[in-house]
Each structure stands twice: as C-alpha cells, then as structure tokens.
Amino acid sequence: MYGLIVTLYAKTASFRDPGAQLYHETMSLPPPSTITGIAGAALGLSFEDALAFMKENAVMVGCNGSSEGRGKDLWNYTKIKSGEITNAIIIRNFLADLKVEIFFACEKREVITRLADAFENPVYAITLGNSDEIAKICSIEIFEEISCEKKKILTNTWLPGDYSRKLKVDWEKVKKAKISLTLKPPIVKKLPCDFEFDANGVRKAVKYLDITFMGDNHILETEAEVLVFGNKFAAVMKHEG
Numbered sequence: 004m005y006g007l008i009v010t011l012y013a014k015t016a017s018f019r020d021p022g023a024q025l026y027h028e029t030m031s032l033p034p035p036s037t038i039t040g041i042a043g044a045a046l047g048l049s050f051e052d053a054l055a056f057m058k059e060n061a062v063m064v065g066c067n068g069s070s071e072g073r074g075k076d077l078w079n080y081t082k083i084k085s086g087e088i089t090n091a092i093i094i095r096n097f098l099a100d101l102k103v104e105i106f107f108a109c110e111k112r113e114v115i116t117r118l119a120d121a122f123e124n125p126v127y128a129i130t131l132g133n134s135d136e137i138a139k140i141c142s143i144e145i146f147e148e149i150s151c152e153k154k155k156i157l158t159n160t161w162l163p164g165d166y167s168r169k170l171k172v173d174w175e176k177v178k179k180a181k182i183s184l185t186l187k188p189p190i191v192k193k194l195p196c197d198f199e200f201d202a203n204g205v206r207k208a209v210k211y212l213d214i215t216f217m218g219d220n221h222i223l224e225t226e227a228e229v230l231v232f233g234n235k236f237a238a239v240m241k242h243e244g
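Be aware that the sequence shown starts at 4, since it is given in our numbering, and climbs by one per residue.
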C-alpha cells in the first residue's frame, strides 16, 4: 500500500458541525468530508467528482494536527425565508494558527502520485474552512510502503468510531506540564461520510459515521488500528463505493 502526507498551515481555520444553527462550533480538525473537498480543490474536481474518485479508488484518509488557540467571530448575514429578507447573527468559532497533517493511503500508486502532483500545483486555492481561510502547503511526502499497527497512544487526531468510553486522561503527561491545563473530554460527532446528489449537484447525506476527536491529554484504554507512514501514524477512514 502507498501513502501520502500533505502538511498544511492556516492562520485561521474552522470546521463547522453540519447540524449547527446559530452557534457554529468548530471541530478541532478537518473531518473526512472536508479532506475530500480539499483533495478535490487540488485536483480541480467538484465535491461530487472528488467523492466519486475517492470511492472508486478506495482511498483512505486521516488527519493529525493542533492549533495555537481559538476565537469567536460574530457574523451578520442575510437570509430569505418565505420570500422575506431578514437578518440574523451567528457566532462562529475558529481556530488560530492551525497546522495539520493529512494522510492518504491507497493500493494504487498512480492514485497517490496523482494526489501528490495535484497538491504540488493545485487547481484551486486550498482552504481550511471558509473561502478566506487560505492554507499554505508546507510539505508533500510520498511513502512507497505503509504498514498497519495497533496503538494506544494517539494525540491530536480523530478516530472513526465512538471511543468516548474507551479513553482516560494521561495523568503522567498532565503532571509533567509546566503550566496549568484545562482538561477537556473527548468529543464525538456523528458526521456525514457519504452523499447522494440531485441533478443540480445539491448533496444530501446518506451515511453517517461517529468520529472521536482526541486532544493531547487523552490515552486509549484499548488499542486502535492505525496506518504507519515512516515515523508517523494515523487512524484512517476508508471510502467505500
């Protein structure tokens, strides 16, 4: 199996829970559907075509990363309801100074090569959230061989599945911290991972997957399967047609 790691950096980033309304909480990392969109932007494909490409080639995706802080932004937007134009205020959370490693894995070398070439010369600007949250492509690395292992120590990443009852605080790490820390529970989101599209390209979620977002002070009580890319590793979600 072949692999690719694309490292991205953005001054600000946001990944909205699709179920959010007036309060737009951000997830800590781009979920699988966002990664599909990022790959599509690099390839010059619509989201529909990018998803088809991922499913046709059974591409696996994963993500590690962390930000230096968070903030809240007030948005005043105009909406049309029952033919009437009204205004509303939403609170949108964002991440500051986010750096992520996006992992791709596939049995076909040509697919990994095509993705790597696309990120070398992306057709559209790469963003981590909104259209104005432009990302810098820091590095692109191809791996000729990747392996599968099971690990308990996973930080600043997401895992397919609900691991909320299989995690504990890494107290040894907390005790060694030189500053006070705010301990947060793991976050589990039920997120769309597959879609159907109408004649106008409007998408509708048809399949959902529990995703567990882990911080840097959590440790698994049970081992999780990860793919190993050199000296790095990540849990992945496989696109299935």
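All C-beta atoms in this analysis are idealised placements derived from N, C-alpha and C, irrespective of residue type, glycine included.
TODO: Report all residues from its chain with a CB closer than 6 Å to the CB of Val114; omit the five preceding and five following residues, and keep chain order.
DONE: Asn60
TODO: Provide the residue span of the beta strand (DSSP E) that contains Pro195, from first to last.
DONE: Ile190 to Phe200
Open item on the list: Just to confirm, is the Cβ distance from Thr248 to Gly164 under 8 Å?
Closed with: No answer is possible for residue 248: the residues shown for the chain start at 4 and end at 244.
- [ ] Since I believe Leu230 is in contact with Ile156 (beta carbons under 8 Å), could you give me their beta-carbon distance rounded to a whole number of angstroms?
- [x] Contact between Ile156 and Leu230 fails: their C-beta atoms lie close to 15 Å from each other, not under 8 Å.
Open item on the list: Quick check on DSSP: helix, strand or coil for Ser31?
Closed with: Coil, per DSSP.
Open item on the list: With three or more beta-carbon pairs closer than 8 Å as the criterion, would you say the stretch 46 to 59 touches the stretch 172 to 180?
Closed with: Not touching, per the Cβ criterion.
TODO: Look at the alpha carbon of Ala208 and the alpha carbon of Asn159, and state the distance between them as a whole number of angstroms.
DONE: Taking the straight line from one Cα to the other gives about 26 Å.
TODO: Count the other C-beta atoms from every protein chain shown that fall within 10 angstroms of the C-beta of Tyr166, then say buried if there are 16 or more, exposed otherwise.
DONE: buried
- [ ] Put Arg19 into one of helix, strand or coil per three-state DSSP.
- [x] Arg19: strand per DSSP, three-state reduction.
- [ ] Helix, strand or coil for Arg180, going by three-state DSSP, please let me know.
- [x] Correcting the residue type first, residue 180 is Ala in the shown sequence and not Arg. Residue state, collapsed to three classes: coil.
- [ ] Please report how far the alpha carbon of Thr10 lies from the alpha carbon of Asp219, in whole angstroms.
- [x] Their backbone Cα atoms lie some 19 Å apart in a straight line.
- [ ] Evaluate the contact criterion for the stretch 112 to 129 versus the stretch 199 to 207: three or more CB pairs, one atom per stretch, below 8 Å.
- [x] no
Task: Residue span of the alpha helix (DSSP H) that contains Thr116, given as start and end - done: Arg112 to Glu123
- [ ] Mind reading off the beta-carbon distance from Pro35 to Val62? Whole number of angstroms is fine, and I expect it under 8 Å.
- [x] Actually they do not touch by this definition, with Cβ atoms about 10 Å apart.
Task: Start and end residues, alpha helix (DSSP H) containing Glu59 - done: It spans Phe50 to Glu59 - the alpha helix (DSSP H) in which Glu59 sits, taken as one unbroken run.
Open item on the list: On the criterion of 16 or more Cβ atoms from any shown chain inside 10 Å, does Lys82 qualify as buried, or is it exposed?
Closed with: Classification for Lys82: exposed.
TODO: Determine the direct distance from the alpha carbon of Val172 to that of Gly6, and round the result to whole angstroms.
DONE: Cα to Cα, Gly6 sits roughly 31 Å from Val172.
TODO: Could you tell me whether the stretch 66 to 79 touches the stretch 95 to 104, where touching means 3 or more Cβ pairs closer than 8 Å?
DONE: yes
Open item on the list: Taking a contact to mean a Cβ-Cβ separation below 8 Å, would you say Glu110 touches Met4 in this structure?
Closed with: yes
- [ ] Measure the CB-CB distance between Leu77 and Ile94 and report whether it falls below 8 Å.
- [x] Cβ atoms of Leu77 and Ile94: closer than 8 Å.
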